[in-house]
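Report on the following structure.
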Amino acid sequence: MRTLNKITVVGASLAGLRAVQTLRREGFEGEITLVGAETHVPYNRPPLSKSVLHGDDDVTLPGAEELGDQWLRGRKAVHLDTRARTVTLDDGTELGHDGLVIASGARPRRLDGVRTLRTIDDALALRAELDSGHEHVLVIGGGFIGGEVASTARQRGRKVTLVDSAPYPMHAGLGEEAARWLASHHERNGVELVTNVRVTAVDGGRVRLSDGRTLAADLVVGGMGVVPNTEWLDGSGLAVDDGVLCEPTLFATDSADIVAAGDVARWPHGHFGGEIVRIEHWSNANEQGAVAARNLLAGPENAQPFVDVPNFATHVHGARIQTAGLPHLADSASVATGSPEEDRFAVAFTRDGVLVGAVAVNSPKDLIKLKRAITAREKL
Ligand SMILES: Cc1cc2nc3c(=O)[nH]c(=O)nc-3n(C[C@H](O)[C@H](O)[C@H](O)COP(=O)(O)OP(=O)(O)OC[C@H]3O[C@@H](n4cnc5c(N)ncnc54)[C@H](O)[C@@H]3O)c2cc1C
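At position 302 of the sequence shown (counting the first as 1) the number is 302 in the UniProt record's numbering, and the numbers step up by one without a gap.
Next comes the structure, spelled out in structure tokens:
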């Protein structure tokens, strides 16, 4: 391990917390300062679109109690000087470091008049709106957050319309077969789907679409994707393009003392031929926080590439949908087990005959097997 004395971690959520824990577990005895824009104790985001909307407030993130007084809450990093090795905060404080972990995550794309869901405060506000008896909820974007909100609103007896610009919700992430199944699953559970159109404006409860139609709703919620929080790095000289560009080891490009982890990091994934990816999944932030911290301590020469095969799960109207690998890279896809008609199946995705991705609907064991096969680069 090389000698570092002062490490700053920007972003006090999953990736930042795992980085701090790992630094200590690896024996780092120097000073750690964790800077977090939110005032809450680091919490788990996946329950926000699931149990929290149903009234369960448990968003505990194990390990958050270990942070102690090394954590500056409610403080934002606004500037990084890579030469002087300082991070400036929104109250003017300058923090010096000899190692930096960037874990500032991502925030939702916004549209005026549309509620979004990223923080515990967003979730409580949305729950209050649902509690107040709005009859008709319109969800923009059928990705995992939009799908889960639609599912919860239906369970709570609301009329739900889901608008998506693709032919089927989650088309890009799940592929044709599973996305078509998901569309029918939404419809069978009472969601009205409006696809192949974009929302252009929301004015009160009136939602204007790109095909000229206008829809009415009492509550409009958006799941329109996220943008990485990188503005504080403007002018720092770090390479940023839809995230912090990193080496395979999560070191920021051309840097020996800065690593990035979680939703903000974009790196060439060694398991998939160096495909440049930014992954917005819980397990990715969880693992990368730890690996980035370990690599920072080891130094670039001894650092290990981050090659974990991504995996993800979402729950929609009682169905469990899981993915592994990078299905969007595939040139071919086929149903490997079960069938969409039985609401239980798995799809295998290959590129040049090699497994690169999997989607499983209500088939967790098949997903595990396919993920192992992706890791082993098995051929189909
Ligand atoms: C509603 C919801 C449901 C989800 N469900 C799932 C799921 O079922 N499965 C799954 O795999 N993933 C899910 N995810 C995604 C998962 O939660 C994220 O991938 C994960 O939170 C990423 O962690 P992170 O630490 O990289 O970033 P974030 O969680 O985005 O945290 C970044 C933190 O940095 C702070 N910050 C930003 N800029 C600054 C700054 N300049 N200075 C200081 N602090 C800053 C932010 O306020 C934030 O607290 C869900 C996400 C949401 C929002």
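Cβ atoms here follow ideal geometry from the backbone N, Cα and C, with glycine treated the same way.
Cross-strand partners of residue i (DSSP beta bridge)
i, result
"Ala373", "According to DSSP, which records beta bridges pairwise, Ala373 is partnered with nothing at all."
"Thr195", "Asp164"
"Val309", "Val309 is not bridged to any residue."
"residue 390", "For the chain, the structure presents residues 1 to 380; residue 390 sits outside this window and is missing."
"Glu65", "For Glu65, which the question treats as bridged, DSSP gives no partner whatsoever."
"Phe251", "Val259"
"Lys6", "Glu31"
"Thr60", "Tyr43"
"Gly96", "Thr86"
"Ile140", "Val163 and Gly222"
"His315", "Arg320"
"Arg351", "Val354"
"Ala201", "Arg208"
"Leu238", "In the DSSP output, where bridge partners are listed per residue, Leu238 has none listed."
"Leu245", "Arg266"
Residue span of the alpha helix (DSSP H) that contains residue i, given as start and end
i, result
"Ser283", "Trp282 to Ala298"
"Leu126", "Ile120 to Asp131"
"Ile145", "Phe144 to Gln155"
"Glu176", "His171 to Arg188"
Enclosing beta strand (DSSP E) for residue i [first to last residue]
i, result
"residue 401", "With the chain covering only 1 through 380, there is no way to say anything about residue 401."
"Gln322", "Ala319 to Gly325"
"Lys379", "Neither: Lys379 is in no beta strand (DSSP E) and is coded neither H nor E."
"Gly222", "Leu219 to Gly222"
"Gly338", "Ser332 to Ser339"
"Val101", "Gly99 to Ile102"
"Thr116", "No beta strand (DSSP E) contains Thr116, which DSSP labels as neither H nor E."
"Arg73", "Trp71 to Arg73"
"His79", "Ala77 to Asp81"
"Arg266", "Ala265 to His269"
"Val207", "Arg206 to Leu209"
"Arg107", "Ala106 to Pro108"
"Ile276", "Glu275 to Val277"
"Thr214", "Thr214 to Ala216"
Whole-number beta carbon distance between residue j and residue i, since they are thought to touch under 8 Å
i, j, result
"Gly273", "Val307", "Their Cβ separation, rounded to whole angstroms, is 11 Å, which puts Gly273 and Val307 out of contact at 8 Å."
"Ala12", "Glu31", "Actually they do not touch by this definition, with Cβ atoms about 16 Å apart."
"Asp203", "Gly141", "Incorrect: roughly 19 Å between the Cβ atoms, too far for contact."
"Ala178", "Val347", "6 Å"
"Val264", "Ala103", "7 Å"
"Asn229", "Gly105", "6 Å"
"Gly16", "Gly289", "7 Å"
"Lys379", "Val309", "Not a contact, Cβ separation roughly 16 Å."
"Val191", "Val199", "With a Cβ gap of about 16 Å, Val191 and Val199 do not count as contacting."
"Leu14", "Asn286", "6 Å"
"Asn189", "Arg156", "So it is not a contact: roughly 13 Å between Cβ atoms."
"residue 384", "Asp98", "This structure leaves residue 384 out entirely; the chain is present only between 1 and 380."
"Leu219", "Val137", "5 Å"
"Leu72", "Tyr43", "That belief does not hold up - the Cβ atoms of Leu72 and Tyr43 are roughly 17 Å apart, past 8 Å."
Could you say if the segment 43-52 and the segment 15-34 meet the contact criterion of at least three C-beta pairs nearer than 8 Å?
no
Complete runs of the beta strand (DSSP E) confined to the segment 16-58 [at least 3 residues]
31-36
Sufficient close CB pairs (3 or more, under 8 Å) joining the segment 324-339 to the segment 175-193:
yes
Can you find at least 3 beta carbon pairs, one from the segment 187-195 and one from the segment 161-173, that sit closer than 8 Å?
yes
Report yes or no: do the segment 180-192 and the segment 114-131 share at least 3 C-beta pairs separated by less than 8 Å?
no
Quick check: the segment 235-255 against the segment 285-300, are there 3 or more CB pairs under 8 Å?
yes
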